[in-house]
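*Asks:* Counting from 1, position 569 in the sequence shown corresponds to residue 571 in the numbering used here; the numbering is continuous, with no gaps. Every residue, glycine too, gets a C-beta built ideally from N, C-alpha and C. Take a look at the following structure, please.
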Amino acid sequence: MTAIHYTVEAANLHAHLFQVTLTIPAPAAEQTVSLPVWIPGSYLVREFSKNLQNLSAQQGRKKVVLVQQDKCTWRIACHEGHPLVLRYQVYAFDNSVRTAWLDSQRGFFNGTSLCLRVHGQENLKHQLQLPAVKGQPNWQAATGLSPIKTDKRGFGLYGAESYDELVDCPVELGAFWSGRFMACGIPHRFVVVGALPSFDGDRLLADTQKICETAIRFWHGKGKQAGARAPHKNYLFMLNAVHEGYGGLEHRNSTALICNRSDLPRQTSPHRNEGYTTLLGLISHEYFHTWNVKQLRPDAFARYDYTQENYTQLLWFFEGFTSYYDDILLRRAGLIDDNTYIKLLGKAIAQVQQTPGRHLQTVAQASFDAWVKYYRQDENTANATVSYYTKGSLVALCLDLSLRQESQTLDQVMRGLWRRCQGRPMYEQDLLDELQALTGRSWQAEIQAWVHSTQDLPLREWLTAQHIRIEADTTTMAQRLGLRVSETGGFVQVKTVLRGSAAETAGLAAGDEWLGLEVGAKGLGGSWRLNKLDDLPALLGRERQLIALISRDKSLLRLPLTVPEQASLWQLSVPSDRANSGWPAV
């Protein structure tokens with residue numbers, strides 16, 4: 003049977019419209035098509051069909067009636083076995099990694115945003131035709147799909163073995179920078195759009211190559227055949243550099259990334275700044291997903307249901323453990339040292355410590371609730387939930403360091419799971435079985451306490467065992483008060499009030515504008531304008547009591563507030579005489 007065929011044209015750059023033509027060679031008599039409501043890797047129903055317009059169908063020269071069944075599904079009554087052609091447009095103006103974008107500078111799309119799914123024919127071969135963009139002679143095309151017949155700029159015909167593969171290979175269009183390297187014998191390509199002229203592409207390629215080789219060898223050993231055992235035969239990084247943005251989305255042999263263009267390495271600056279280190283961590287994270295969630299995956303993702311939420315309690319493993327290893331692999335690749343790694347780890351611990359929701363929601367519950375909580379964050383998120391990314395990474399840390407006390411490592415567990423679950427979904431029991439097989443004892447109590455309860459993790463115990471120094475850290479005024487604020491234009495706007503904090507006790511609320519203060523419980527120390535929270539110590543002197551002058555819904559409030567002592571946060575450091583246990587470098 004001939005393949006399901008899509009032609010995607012950049013039809014109107016200024017109107018941000020893709021034109022899609024879908025040809026179904028042998029439709030059913032009552033053929034159903036639908037557009038996904040979510041994209042794997044980003045756990046939120048995003049209703050991509052809201053951007054689909056002007057859908058029509060015909061067989062030969064005859065138009066066929068479409069009947070919409072629900073928000074994203076259509077049924078077509080047609081002649082069975084005769085080619086059916088659907089035409090429609092998709093509005094593309096979301097400059098993220100999750101959907102689609104088109105303007106005069108760049109085009110990008112995920113198949114879940116553009117490609118209608120042909121029900122009953124998902125496992126047939128699919129093809130994607132990418133015509134060259136009119137009026138854009140310098141534009142190229144890049145995708146992880148297998149080329150069938152393409153020109154030197156990448157335009158032409160691509161193939162996929164199924165609908166799942168088709169929509170798991172996003173497409174980048176534009177006059178982008180492109181570079182290539184080999185990692186363990188596997189060809190890799192990196193395309194970057196939006197970079198400044200000072201962008202140091204050679205350094206990005208060299209550092210990314212180190213990350214990829216470290217990851218491949220992590221999973222498949224250091225032998226010459228490591229690359230041959232990897233699940234991908236080529237790989238594509240697509241990076242959109244913008245003024246302000248950050249994120250990534252994993253795919254089977256590619257990833258879409260977005261970062262601040264100021265975070266890119268520069269030819270004029272040989273030093274690796276904090277922003278570039280963060281970008282390398284993102285690259286490491288998404289590449290590690292090639293194994294952990296794209297291949298080793300939960301039962302809920304064994305076959306995606308694109309029509310609704312796909313629930314799992316295991317995101318703490320698939321996202322959290324990936325978050326643990328993203329920085330570990332930077333250290334093992336020699337891109338950061340022990341001190342930098344411990345600093346990054348300290349930030350993760352502080353993030354969890356400043357999340358009251360960790361005492362309300364387990365990390366397994368956070369995984370299940372991702373669809374309604376993690377991706378729909380509001381002023382109460384920190385009080386009601388915990389990040390399965392961050393706490394999940396600390397669960398991995400606790401497992402790794404406790405295993406090392408038994409002369410084993412989490413690395414062995416991950417590789418054991420890879421061997422154990424090849425070709426089938428992974429369950430939590432598989433993790434427990436692998437831990438027991440490695441150590442000869444049950445780990446049920448640890449997983450129950452760390453994953454399925456809200457008690458704090460035993461981080462101090464395991465970090466101390468690794469000779470990591472833990473000291474009280476100096477906190478910001480926002481941390482002491484239990485506030486998250488924005489400070490722009492000389493105004494302090496309250497975004498979040500943390501549960502049980504001094505700010506909550508005083509009655510501050512999200513949305514408040516903190517205008518000023520009166521010093522002392524009775525305001526006898528004077529009245530002052532407040533432009534930023536860190537000005538408070540200078541205004542208060544030795545005084546800890548004040549009256550906050552608040553604007554709420556245009557009403558003026560006077561709220562008595564007591565500034566607490568320093569919050570209890572940790573500062574981690576590596577003593578110069580630390581015994582070398584191999585962790586985190588090995």
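Are the Cβ atoms of residue 453 and residue 365 separated by less than 8 Å?
*Replies:* Contact: yes.
*Asks:* If you draw a straight line from the C-alpha of residue 541 to the C-alpha of residue 524, how long is it?
*Replies:* Between residue 541 and residue 524, the C-alpha separation is close to 15 Å.
*Asks:* Among residues of its own chain, excluding the 5 on either side of residue 110, which ones have a beta-carbon nearer than 6 Å to its beta-carbon?
*Replies:* Correct list, in chain order: 103, 174.
*Asks:* Evaluate residue 95 with the Cβ neighbour count: other Cβ atoms within 10 Å of its Cβ, from every protein chain shown; 16 or more gives buried, anything less gives exposed.
*Replies:* Classification of residue 95: exposed, given that the 10 Å Cβ count is below 16.
*Asks:* State buried or exposed for residue 197, treating a residue as buried only when at least 16 other CB atoms are found within 10 Å of its CB.
*Replies:* Buried: at least 16 other Cβ atoms inside 10 Å.
*Asks:* Give the DSSP bridge partners of residue 56, in chain order.
*Replies:* In DSSP, residue 56 forms no bridge with anything.
*Asks:* Taking DSSP's pairing of strands, which residues face residue 238 in a bridge?
*Replies:* The partner list for residue 238 (beta bridge, DSSP) reads 191, 256.
*Asks:* Check whether the stretch 330 to 343 and the stretch 375 to 390 are in contact - that is, three or more C-beta pairs closer than 8 Å.
*Replies:* In short, these stretches do not touch, since the Cβ pair count stays below three.
*Asks:* Threshold first: 4 residues or longer. Then list the alpha helix (DSSP H) segments lying entirely within the stretch 513 to 562, N to C.
*Replies:* Fully enclosed alpha helix (DSSP H) runs of 4 or longer: 538 to 542.
*Asks:* Would you report the Cα separation of residue 26 and residue 186, rounded to the nearest angstrom?
*Replies:* In a straight line, the C-alpha of residue 26 is about 40 Å away from that of residue 186.
*Asks:* Looking at residue 74: is its Cβ nearer than 8 Å to the Cβ of residue 115?
*Replies:* Going by C-beta atoms, residue 74 is not nearer than 8 Å to residue 115.
*Asks:* In this structure, does DSSP put residue 224 in helix, strand or coil?
*Replies:* Coil at residue 224, not helix or strand.
*Asks:* Could you tell me if residue 429 is buried or exposed, where buried requires 16 or more neighbouring beta carbons within 10 angstroms of its beta carbon?
*Replies:* Its Cβ having fewer than 16 others within 10 Å, residue 429 is exposed.
*Asks:* State the beta-bridge partners of residue 110 as determined by DSSP.
*Replies:* Answer by DSSP bridge pairing, in chain order: 103, 174.
*Asks:* Shortest alpha-carbon distance to residue 652 belongs to which of 189, 221, 344, 446?
*Replies:* Only positions 3 to 588 of the chain appear in this structure, which leaves residue 652 out of reach.
*Asks:* Where does residue 40 sit, in a helix, a strand or coil, going by DSSP?
*Replies:* Residue 40: coil per DSSP, three-state reduction.
*Asks:* How should residue 300 be labelled, buried or exposed, when 16 other C-beta atoms within 10 angstroms of its C-beta is the threshold for buried?
*Replies:* Flag for residue 300 reads buried.
*Asks:* Please name the residue, chosen from 350, 413, 486, 404, that lies closest to residue 334 on a Cα-to-Cα basis.
*Replies:* If we check each option's Cα against that of residue 334, 413 comes out closest.
*Asks:* I'd like to confirm the pairing. Which residues does DSSP put opposite residue 489 in its beta bridges?
*Replies:* 494, per the DSSP bridge assignment.
*Asks:* Leaving out five residues before and five after residue 313 in sequence, what residues of the same chain have Cβ atoms less than 8 Å from its Cβ?
*Replies:* Closer than 8 Å at the Cβ level, and outside the excluded window around residue 313, lie 302, 370, 373.
*Asks:* Mind checking residue 491: buried by the 16 CB within 10 Å criterion, or exposed?
*Replies:* That one is exposed.
*Asks:* Would the beta-carbon of residue 297 fall within 8 Å of that of residue 233?
*Replies:* Going by C-beta atoms, residue 297 is nearer than 8 Å to residue 233.
*Asks:* Ends of the alpha helix (DSSP H) at residue 420?
*Replies:* Segment 412 to 423, the alpha helix (DSSP H) holding residue 420.
*Asks:* With a cut-off of 8 Å on the beta carbons, I'd call residue 436 and residue 415 a contact; round off their distance for me.
*Replies:* That pair is a contact at about 5 Å.
*Asks:* Kindly list the residues whose CB is nearer than 6 Å to the CB of residue 76, restricted to its own chain and excluding five residues on each side of it in sequence; keep chain order.
*Replies:* 35, 68, 70, listed in sequence order.
*Asks:* Does the distance from the C-beta atom of residue 534 to that of residue 512 stay below 8 Å?
*Replies:* It is not a contact, given that the beta carbons lie outside the stated cut-off.
*Asks:* Look up residue 11 in the DSSP assignment and say whether it is helix, strand or coil.
*Replies:* Looking at residue 11 - three-state DSSP - the assignment turns out to be strand.
*Asks:* Helix, strand or coil for residue 23 per DSSP?
*Replies:* Here residue 23 sits in strand by DSSP.
*Asks:* Label residue 577 either buried or exposed according to how many other C-beta atoms from any shown protein chain fall within 10 Å of its C-beta, with 16 as the threshold for buried.
*Replies:* When all chains shown are included, residue 577 counts as exposed.
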